[in-house]
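Read top to bottom, the protein sequences are chains A and B. The first sequence begins at 31 in my numbering and counts up by one. The second sequence begins at 31 in my numbering and counts up by one.
There are 2 protein chains.
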Amino acid sequence: MSTYHHGDLRAALLQAAGEILEKEGVAALSLREAARRAGVSHSAPYRHFLDRDSLLAALAVEGFSLLQDAITKRPEGDRGVAYVEFALIHPQRFRLMFGGQLRLGDYPELHAAGEGNYRNLQKAFESLGSDAPLAAAAAWSLVHGLANLILDGHFAQAQRDSGGAAAFARLVLGSVRVARAQRSA
Amino acid sequence: MSTYHHGDLRAALLQAAGEILEKEGVAALSLREAARRAGVSHSAPYRHFLDRDSLLAALAVEGFSLLQDAITKRPEGDRGVAYVEFALIHPQRFRLMFGGQLRLGDYPELHAAGEGNYRNLQKAFESLGSDAPLAAAAAWSLVHGLANLILDGHFAQAQRDSGGAAAFARLVLGSVRVARAQRSA
DNA sequence: ACCTGAACACCGTTCAAGT
DNA sequence: ACCTGAACACCGTTCAAGT
């Protein structure tokens, strides 16, 4: 139990930061607090991250990987709800990934993670009727907007009427699928 | 040009804060900077706002009013793109309104503004084929997600191919409208 | 009633210095 | 190579005091 971090301080900081993020939100996530939890001085993190935003970017990259797993392990018909459920389970992480605090272009790894995510979603939503890239963009937009508006609380009443956020999401996405089925019938 | 703010300090602070928000983003928007621009001491704002988040909430309320105007002054068929265009013109304001930093329930005026906005959008998107509240929720989700993903830069390449963000939005929303038209035909 | 100024407890970031 | 501690320039927020 030496207080020495032989090269794993970066990982320790990421884990501490991840816990702060998920439990208390980005606002409460300071480099100094992460350092404190990792048992290290407040300036030590600068050996491993350029600045606070770089730490946040690393957490967002993790998030894209988590999202990808959550989506692809589901059968095709459930992937729309899976996207929304990911946002409901990891609201703070989801907001960090898509909240605009981090510009993709500023962080090469984040940029790559974002593009990988897009490619993955295009495949995942193929069954949603994507005869064209535009349809994939529309499908992503639909689930993404739904997730965000639910997190914001804009559908609070409708959610109660539907028996929960996930159930409401299923209804909304189901209504679109029905419309599409009617069209192709 | 007396330095005395006869009751309009609240308005002066809101205006200064609005400028900081739109030009430099939420992160740069401190109470102290707003006070500085209003020519007042750093503790004066506390006479008019409970805390920093209350100032942000007031700016978000303004935003919902701006959004409502931007939408309703357009013909029905353009309201989807109008929503996206609002986000493109006021990205920082839009993120403040929907970025989850402010919980609707914590600010009665913000809560009311959010509900008013929902009602307004339900009317605005009626022509989009809303046979049910679910369809209105889906329409809002679609334009909202599209706006957010464009702001995040996730569609950067597709936008370039389409000749700009607004043009891309038109294409995506148009593709959905086509699908709907085919169904009812 | 409204504003000021000092004060406190936090930050992010830098940098010389230690091992 | 990696970490510490002092230092600096910011914050949000509170509170006694001024007008």
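Glycine residues also receive a C-beta, built at the ideal position from the N, C-alpha and C atoms.
Span separating the alpha-carbon of residue i from that of residue j
i, j, result
"Ala42 of chain A", "Ala186 of chain B", "34 Å"
"Arg19 of chain A", "Leu59 of chain A", "Beyond the ends of chain A as shown, which are 31 and 215, falls residue 19 of chain A; an answer cannot be given."
"Val91 of chain B", "Leu44 of chain B", "11 Å"
"Gly93 of chain B", "Phe124 of chain B", "7 Å"
"Ala64 of chain A", "Pro163 of chain B", "44 Å"
"Ala168 of chain A", "Asp99 of chain B", "25 Å"
"Tyr113 of chain B", "Ser73 of chain A", "44 Å"
"Ser32 of chain B", "Ala57 of chain A", "Unreliable positioning characterises Ser32 of chain B in this predicted model, as indicated by a pLDDT of 38, which lies under 50. A coordinate reading is not provided."
"His78 of chain A", "Met127 of chain A", "21 Å"
"Leu39 of chain A", "Glu54 of chain A", "22 Å"
"Glu156 of chain B", "Ala165 of chain B", "9 Å"
"Ala197 of chain A", "Gly129 of chain B", "23 Å"
"Asp182 of chain B", "Gly183 of chain A", "21 Å"
"Asp191 of chain B", "Trp170 of chain A", "19 Å"
"Asn178 of chain B", "Pro121 of chain A", "16 Å"
Sequence-distant residues of its chain with Cβ nearer than 7 Å to residue i (five each side left out)
i, result
"Gly135 of chain B", "His141"
"Leu97 of chain A", "Phe116, Asn147"
"Val202 of chain A", "Leu176"
"Ile46 of chain A", "Looking at the sequence shown, residue 46 of chain A is not Ile but Ala. Result list for Ala46 of chain A: Ala64, Arg67, Ala68, in chain order."
"Ser71 of chain B", "Ala65"
Residues of its chain near residue i, where Cβ-Cβ distance is below 6 Å and the 5 sequence neighbours each way are ignored
i, result
"Ala195 of chain B", "Leu118, Ile180, Gln189"
"Gly204 of chain B", "none"
"Pro75 of chain A", "Leu43, Leu61, Ala65"
Minimum Cβ-Cβ distance from residue i to chain B less than 8 Å
i, result
"Tyr113 of chain A", "no"
"Gly143 of chain A", "According to the sequence as given, residue 143 of chain A is Ala; it is not Gly. No, its Cβ sits nowhere closer than 8 Å to a Cβ of chain B."
"Val91 of chain A", "no"
"Gly193 of chain A", "no"
"Arg125 of chain A", "yes"
"Ser71 of chain A", "no"
"Met31 of chain A", "The predicted position of Met31 of chain A is uncertain, since its pLDDT is 34 and thus under 50; no value can be drawn from it."
Contacting residues, own chain, Cβ-Cβ under 8 Å from residue i (five flanking each side not counted)
i, result
"Ser95 of chain A", "Ala143"
"Ile101 of chain B", "Arg109, Ala112, Tyr113, Phe116, Asn150, Leu151, Ala154"
"Ala87 of chain B", "Leu132, Asp136, Tyr137, Glu139, Leu140"
Chain A residues whose Cβ lies nearer than 7 Å to that of residue i
i, result
"His184 of chain B", "Gly144, Tyr148"
"Phe128 of chain B", "Asn178, Asp182"
"Arg174 of chain B", "Reading off the sequence shown, one finds His at residue 174 of chain B, where the question assumed Arg. Result: Gly175, Asn178, Leu179."
Chain B residues whose Cβ lies nearer than 7 Å to that of residue i
i, result
"Ala165 of chain A", "Ser205"
"Gly48 of chain A", "Ordered by position in chain B, no residue passes the 7 Å Cβ test against Gly48 of chain A, which lies about 18 Å from the chain."
"Ser84 of chain A", "Correct list: empty, because the minimum Cβ distance to chain B is about 15 Å."
Min CB distance residue i to chain A below 8 Å
i, result
"Ser60 of chain B", "no"
"Arg104 of chain B", "no"
"Ser95 of chain B", "no"
Amino acids of chain A, ordered along the chain, whose beta-carbon sits closer than 8 Å to that of residue i
i, result
"Leu201 of chain B", "Leu164"
Within chain B, the residues that residue i reaches when beta carbons sit closer than 8 Å
i, result
"Arg190 of chain A", "Residues of chain B passing the Cβ test: none, with the nearest at roughly 13 Å."
"Gly110 of chain A", "Those do not exist, as Gly110 of chain A stays about 11 Å from chain B at its closest Cβ, beyond 8 Å."
Contacts that residue i makes with chain A (C-beta to C-beta distance below 9 Å)
i, result
"Leu134 of chain B", "Asp182, Gly183, His184, Ala186"
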